[in-house]
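What follows is one structure encoded as structure tokens, with my remarks underneath.
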Ligand SMILES: Cc1ncc(C[n+]2csc(CCOP(=O)(O)OP(=O)(O)O)c2C)c(N)n1
Ligand SMILES: Cc1ncc(C[n+]2csc(CCOP(=O)(O)OP(=O)(O)O)c2C)c(N)n1
Ligand SMILES: [Mg+2]
Ligand SMILES: [Mg+2]
């Protein structure tokens, strides 16, 4: 086994390189992904290695990026489209939900859409408007798509390859705030059997309460679990990885054990993933639940200016407060209770 | 009080006419809404009465319809945009979620977006692909928007006027399958105080279980309540009307009483409104609930061909089955139980 | 009325004469009378299919039908210019194109009868199934062309769209991509003068063909009711694409003589005089007149063609009525190509739900 | 290099001479040397603001800054053609336009310092706040123009966008609407040759100005580094719109001499030689040379202008540092203009949550 320490961004880059080496039908498309290597350098060096036809800088038109990807998939290619930032995916919404998602069903299975859509997402980086959105819930509601997110370099490396290898279209959400975090990556962990992409991962085991999260906030969940443990609370942390479909088996197994759950994400609460997770858990674990599932999420507001994002985004204190509520105890910090 | 029997479609037409008469800044925009009066004739006769500048046939470009509506709102108009069918709103998604929804917040309140977006939605009419979508959940997750739907002529008449009068942008979802249903309409019920648009309506009271629905399926819920009553079950039916924000006070009041709830909609289950409603109810009524909230919805599939829609769409039997599940009893029809 | 031959390529005039003055004659020197008779047959059959499908709709066998009445030459002329290996991405009205691609007529009906979302396997005929989202398919065609270019093949992709579609951002974006990458794609716009109730003048003050130059591609305006002229200009465009010189925009000037769909009532928005005027330029009558003048079309030949058309129509009707209703559980098929835990669960659930009814009594009728 | 004056309108050459041969001279007969000195000052001040803001970013006071270096003439020339009542819808780089509209420089910084999503009240200056979604504002401008047309006012709306933006569907759709309805709107495209790392040739094989004709509007290509020429062509376009003759597309050929934003490193994708070549056509140097040749720009005048620029820069810096951080609960403001039960509940909740900390001990540090 070759293992290497690398950042999450480099792990995606390595995964893309591996996927392109393994299958010459894999092509990358996007704005500034060629010479520049992408504004986050995720595709750095790939155009040098694979040429301009396989790493295509496209004109500025997101609908066209996805729409031509549909045609390329028709022609037997496996396009990997980069959307430069979360907030720029909406012009492509029609092509994604009406075409990419439905072409396989529309043609009764004759045409497959092995398209991967890479989307750097989320806040915590002090960015300007439209650069910190969390649009994942829109896509989990659009039947025909798969939606995944990763929280660490190993998963980044493995899951991007699984997403590309999937014959179904996959939205791959990359947590920008974690791009530069390093971790060990087994470079040979790819290719053999699909499971990282489809399954949730238990990050740390616990008995008293479960935290379900994904992407950029898994780390905050882990930190909350550490602090809670100093207060004698044993927290199980689950990293969903697959946002659509959700691995409810893994989630329900945990909640049946702990009886309590806190769901953490950056996106707005209303209609966010937390709603589906809470509803799905309640359906499956009603008699095991000691408290209603607690949601700790971004507020129902457009992403705020950078100086305010720390209030908007779930942080350690808000996750701990969520844990306290799930545990039916007063806020462990202030001793106060809010309902 | 002038009361008149009219269809739901005529009630919207009458509401539009009234709004245009009351305020000359109200203008209508859309494809085929002028001479033709819209493919559903909702705007019939309005161009004759108000002229081509106030009832504008636009080129075929949904993003432009919404994008120019933003500019018109900047200029002090109150645009009412018709999207011809549910499935054609996605090309306008970017302008709706990034511009219409956020302009007020972006400009710290300086600019208002009193834009109404009329969307004939849902299935049950045997239509071709893209003509039966239920995209409401996408918009309830987009902060800055209000989302409403109506189920009867009176609400149609009142709520369309309230939506137009609102200084916030409103998505107004019209249940196509109910366009031709007649009902009494008080023509003077408009203008005085805003409440229909913001509040849920208890359609029929009951003790044993609550059904929450909206739009085209309220009628199915009512029918299910009737059948259930012949089996000795007392069902309370709630028509949400406001989908964002949800009137959780009304919903929770009912569920605290009944302890059981079935949520019914056409859209896909995953990430649909049912998820938010179930999660919100569980958060508010955890200790009153005798059973997990039950969702009876469309499946997680692209809307199927017309010959299959009757299986996809929640119908009387499926709602009754949902009621049985919520009541912890075997299926009242077959005596069998499915978990 | 843009029927002035000076404004477009025309090889056979509205009254059926053939002045042979156009440079585009060079593209159809191989087309003899026998072949023109074959195109005449195509158009007659295609119109017959259209009439039969319209009748089936009126009789309640189809939920809807989008007639191509009047656009036969635009569709047959262009589709017959293609090679088998080429690939078509069309909208919902290209029934004539589909016929020429060899797609059984009954397959066209599945969508409108509501038994499936599409009627055929695109790879079997080199034609994608109908696209309802206006303009979306122009991007698919451009992407397909990029794929062909990547593979160094000489396949060309052709996309059909309407005058109304030119307003959609997707069509402009497709032209940008096609031009930038010199994609081997032909943009075939059928300007049939109407987008439902909206006249073409609402979409553009300028001739649509002029859109092409600004996007860096040649544009050709052709008499869309002249099957030979359409064949010629399409051949030229295909040849340009095949030799690596990139996309072409063709505006075929034609007319939607029927309603937008069977659900539409055009008397609400257009003058009968306009229709009458276009009837003078009927694509079938014109070619018929020309072929009668050359002697290639005799009553006997015409009779045989009508018989063919009647046979196709009869088969169509029989095929339509025989189309099986899909099984309830087919709802869940082909949404994903690989197992999906969420949907698999819903399918299981629903299968068990349906099974209950097999043993169950009938529910009493609702009093609503 | 498209710097050939034959290809665009130019009144003052790159080396500062004024041949006075262009027909567009007619549009600037009222512009005397004093006014040109004022435009020179505009450009110097605008560049000084840009330099100061870049420095503030380097010093960590701003998260980001999008420099306009090199585009001063395009922005000042066009903005100074406007009347107060006109309305501008721009992107994120139009700091020079904002300056000319009278917007205090410090207001430009709020977005980039992250204290708010926009810096000013659009109605106070006739200019919408910056738009980040590429091309979206062109539709807003078109809609605003339709509103002005409805109101029979003679206000014109002007939209600024880049060369890259021309590929976005929204821009094409805006041109369709503007043309169809003869909206009083000017499409002002700053072709600065780059969209981040992508050269303009990737967006279009054709001169961007040629897009105009196909959409049925006049197009003008102007030397975007010649403030006087830009003033002239913009005046013409405004006049056309004001008299009811509809939209115009202006392509101002200029160059982004700096990085895309302070986060960008252009050495990764473009040649130093290209930058050096464009430095020869610097808009400020050119006008300076011309005004020195007429005697209007003396060392003394130049010194006064520099003092003004320094004062503005000093105020900008002081203003930036004084920008207050927003209050946490302002998160919930202005999302809706009317009460909203969902958000009001979240606000209440969060207010109580925050209040807890006022009395609470500090949480122990996390070991991560
Ligand atoms: C994105 C989208 N918007 C609206 C519609 C509704 N619609 C169906 S056909 C049509 C008119 C299309 O006109 P044109 O492009 O000229 O094609 P034609 O029908 O004349 O063949 C419209 C508006 C649609 N199908 N898709
Ligand atoms: C819809 C959308 N896609 C992508 C981006 C990311 N982006 C920001 S600026 C830019 C380049 C724009 O180039 P151009 O239009 O030439 O304007 P310039 O920056 O040169 O002024 C890109 C791709 C965006 N802001 N919006
Ligand atoms: Mg048409
Ligand atoms: Mg640029």
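Residue numbers (our numbering), protein chains in the order written: chain A, 1 to 339; chain B, 340 to 678; chain C, 679 to 1046; chain D, 1047 to 1414.
Even glycine gets a Cβ: it sits at the ideal position worked out from N, Cα and C.
Being a predicted model, the structure only gives us computed values, none of them experimental.
ask   = Whose Cβ in chain B lies nearer than 7 Å to the Cβ of residue 97 (chain A)?
value = Indexing the first chain from 1 puts residue 97 (chain A) at position 97. In chain order: 429.
Interfacial residues, the stretch 107-118 of chain A to chain C, with Cβ spacing under 7 Å = Listed in sequence order: 107, 108, 109, 110, 111, 112.
ask   = Near residue 389 (chain B), which residues of its chain fall below 6 Å by C-beta distance, leaving aside the five closest residues on each side in sequence?
value = On the second chain, position 50 is the one that residue 389 (chain B) refers to. Within the same chain, and ignoring the five residues on either side of residue 389 (chain B) in sequence, the residues whose Cβ sits closer than 6 Å to its Cβ are 359.
ask   = Since residue 286 (chain A) is in the beta strand (DSSP E), which residue starts that stretch and which ends it?
value = Along the first chain, read from residue 1 onward, the residue named residue 286 (chain A) stands at position 286. Premise fails: residue 286 (chain A) is in no beta strand (DSSP E) and is neither H nor E.
request  = Consider the C-beta atom of residue 873 (chain C) and the heavy atoms of ligand 3; say whether any pair is separated by less than 8 Å.
outcome  = Within the third chain, numbered from 1, the residue matching residue 873 (chain C) stands at position 195. Answer for residue 873 (chain C): yes, Cβ within range of ligand 3.
task = Determine, using beta carbons only, whether residue 1309 (chain D) comes closer than 9 Å to chain A.
result = Here residue 1309 (chain D) refers to the residue found at position 263 when the fourth chain is read from its first residue. With 9 Å as the cut-off, residue 1309 (chain D) counts as an interface residue toward chain A.
query = What residues from chain D crowd round residue 857 (chain C), counting only those whose CB sits closer than 9 Å?
reply = Within the third chain, numbered from 1, the residue matching residue 857 (chain C) stands at position 179. For residue 857 (chain C), the chain D residues whose Cβ falls inside 9 Å of its Cβ are 1250, 1251, 1252, in order along the chain.
task = Pull out every residue of the stretch 891-909 of chain C whose Cβ sits closer than 9 Å to any Cβ of chain D, in chain order.
result = Flagged, chain order: 891, 892, 893, 894, 895, 897.
query = Beta-carbon of residue 512 (chain B) versus every beta-carbon of chain C: anything under 9 Å?
reply = Indexing the second chain from 1 puts residue 512 (chain B) at position 173. No, no contact with chain C.
query = Would residue 310 (chain A) be called buried (16 or more neighbouring beta carbons within 10 Å of its own) or exposed?
reply = If you number the first chain from 1, residue 310 (chain A) lands on position 310. Exposed: under 16 other Cβ atoms inside 10 Å.
query = Using the C-alpha atoms, what's the distance from residue 1269 (chain D) back to residue 1049 (chain D)?
reply = In the fourth chain, counting from the first residue as 1, residue 1049 (chain D) sits at position 3. In the fourth chain, counting from the first residue as 1, residue 1269 (chain D) sits at position 223. The predicted position of residue 1049 (chain D) is uncertain, since its pLDDT is 46 and thus under 50; no value can be drawn from it.
query = residue 840 (chain C): beta carbon under 8 Å from a heavy atom of ligand 1?
reply = For the purposes of this step, residue 840 (chain C) is taken as residue 162 along the third chain, with counting starting at 1. The answer is yes for residue 840 (chain C).
ask   = From residue 429 (chain B) to residue 89 (chain A), what distance separates their C-alpha atoms?
value = Against the second chain, residue 429 (chain B) aligns to sequence position 90. Against the first chain, residue 89 (chain A) aligns to sequence position 89. When only Cα atoms are considered, residue 429 (chain B) and residue 89 (chain A) end up about 12 Å apart.
inquiry  = Nearest by alpha-carbon distance to residue 383 (chain B): which of B:414, B:361, B:356, B:570 is it?
reply    = One-based indexing of the second chain puts residue 383 (chain B) at position 44. Comparing Cα-Cα distances from residue 383 (chain B) to each of B:414, B:361, B:356, B:570, the minimum goes to B:356.
message = Can you determine whether any heavy atom of ligand 3 sits closer than 8 Å to the C-beta of residue 878 (chain C), and answer yes or no?
response = Sequence index remark: in the third chain, residue 878 (chain C) carries index 200 (1-based). Yes.
Minimum length 4: unbroken alpha helix (DSSP H) runs contained in the stretch 364-449 of chain B = The stretch 364-449 of chain B contains these whole alpha helix (DSSP H) runs: 385-389, 401-413, 442-445.
query = By a C-beta neighbour count over all protein chains shown, 10 Å radius and 16 as the cutoff for buried, is residue 379 (chain B) buried or exposed?
reply = The residue you call residue 379 (chain B) lines up with position 40 of the second chain. By the neighbour-count rule (16 or more Cβ atoms within 10 Å), residue 379 (chain B) is buried.
task = Kindly examine ligand 2 and report whether one of its heavy atoms sits closer than 8 Å to the Cβ of residue 1250 (chain D).
result = If you number the fourth chain from 1, residue 1250 (chain D) lands on position 204. Result no, Cβ not under 8 Å from ligand 2.
ask   = Using the beta-carbon count (16 or more within 10 Å), is residue 180 (chain A) buried or exposed?
value = Residue 180 (chain A) sits at position 180 when you count from the first residue of the first chain. Counting Cβ neighbours within 10 Å, residue 180 (chain A) comes out exposed, since fewer than 16 surround it.
request  = Say yes only if the C-beta of residue 868 (chain C) is nearer than 8 Å to one or more non-hydrogen atoms of ligand 3, and no if none qualify.
outcome  = On the third chain, residue 868 (chain C) is found 190 positions in, with the first residue counted as 1. Residue 868 (chain C) Cβ: within cutoff of ligand 3.
message = Suppose contacts are defined by Cβ-Cβ distances below 9 Å. Is residue 550 (chain B) in contact with residue 508 (chain B) by that definition?
response = For the purposes of this step, residue 550 (chain B) is taken as residue 211 along the second chain, with counting starting at 1. For the purposes of this step, residue 508 (chain B) is taken as residue 169 along the second chain, with counting starting at 1. One thing to note: residue 550 (chain B) has its Cβ no nearer than 9 Å to the Cβ of residue 508 (chain B).
query = Helix, strand or coil: how does DSSP classify residue 559 (chain B) here?
reply = The residue you call residue 559 (chain B) lines up with position 220 of the second chain. If DSSP states are grouped into helix, strand and coil, residue 559 (chain B) belongs with the helices.
key: For residue 485 (chain B): DSSP bridge partner residues   = Start at 1 with the first residue of the second chain, and residue 485 (chain B) comes out as number 146. Per DSSP, the beta bridge partners of residue 485 (chain B) are B:509.
ask   = Where does residue 899 (chain C) fall in DSSP's three states?
value = Taking the first residue of the third chain as position 1, residue 899 (chain C) is located at position 221. It is a strand residue.
request  = For residue 664 (chain B), write down the residues that DSSP places opposite it in a beta bridge.
outcome  = In the second chain, the residue the question calls residue 664 (chain B) occupies position 325. DSSP, once it has assigned bridges, lists no residue as partnering residue 664 (chain B).
Residues that residue 1215 (chain D) contacts on chain C, provided the C-beta gap is smaller than 8 Å = Stepping through the fourth chain from its first residue, residue 1215 (chain D) is reached at position 169. Annotation: Cβ neighbours of residue 1215 (chain D) in chain C (cutoff 8 Å, chain order): 846, 847, 848, 850, 851.
query = Does the beta-carbon distance from residue 425 (chain B) to residue 470 (chain B) come in below 9 Å?
reply = Locating residue 425 (chain B) in the second chain gives position 86, counting from the first residue. Locating residue 470 (chain B) in the second chain gives position 131, counting from the first residue. In contact: residue 425 (chain B) and residue 470 (chain B) (Cβ atoms closer than 9 Å).
Beta-carbon proximity list for residue 795 (chain C), same chain, < 8 Å, skipping 5 on both sides = Along the third chain, read from residue 1 onward, the residue named residue 795 (chain C) stands at position 117. 789, 807.
query = In chain order, what residues of the same chain lie with their CB nearer than 7 Å to the CB of residue 1020 (chain C), ignoring the 5 residues before and after it?
reply = In the third chain, the residue the question calls residue 1020 (chain C) occupies position 342. So the list is empty, once near-sequence residues are dropped.
ask   = Using a Cβ-Cβ distance under 9 Å, would residue 621 (chain B) count as near chain A?
value = Stepping through the second chain from its first residue, residue 621 (chain B) is reached at position 282. It does: the Cβ of residue 621 (chain B) has a partner Cβ on chain A nearer than 9 Å.
request  = Note the first and the last residue of the continuous beta strand (DSSP E) segment covering residue 115 (chain A).
outcome  = Here residue 115 (chain A) refers to the residue found at position 115 of the first chain. Here residue 115 (chain A) belongs to no beta strand (DSSP E), and DSSP marks it neither H nor E.
ask   = What residue ranges within the stretch 1095-1171 of chain D form continuous alpha helix (DSSP H) runs of no fewer than 4 residues, ordered along the chain?
value = If one requires a minimum length of 4 residues, the alpha helix (DSSP H) runs lying completely within the stretch 1095-1171 of chain D are 1118-1125, 1141-1146, 1151-1159, 1168-1171, in chain order.
The stretch 589-602 of chain B / the stretch 458-475 of chain B touching (three or more Cβ pairs under 8 Å) = No, the stretch 589-602 of chain B does not touch the stretch 458-475 of chain B.
request  = Could you say which of D:1086, D:1126, D:1377 lies nearest to residue 1343 (chain D) if we only look at CA atoms?
outcome  = Reading the fourth chain from its first residue, position 297 is the one you call residue 1343 (chain D). Considering only alpha carbons, the answer is D:1086.
task = Pick out the complete alpha helix (DSSP H) segments inside the stretch 1240-1293 of chain D, 4 residues or longer, and give them in chain order.
result = 1246-1249, 1257-1260, 1273-1288, all fully within the stretch 1240-1293 of chain D.
query = According to DSSP, is residue 1297 (chain D) helix, strand or coil?
reply = Here the question's residue 1297 (chain D) lines up with position 251 in the fourth chain. Here residue 1297 (chain D) sits in strand by DSSP.
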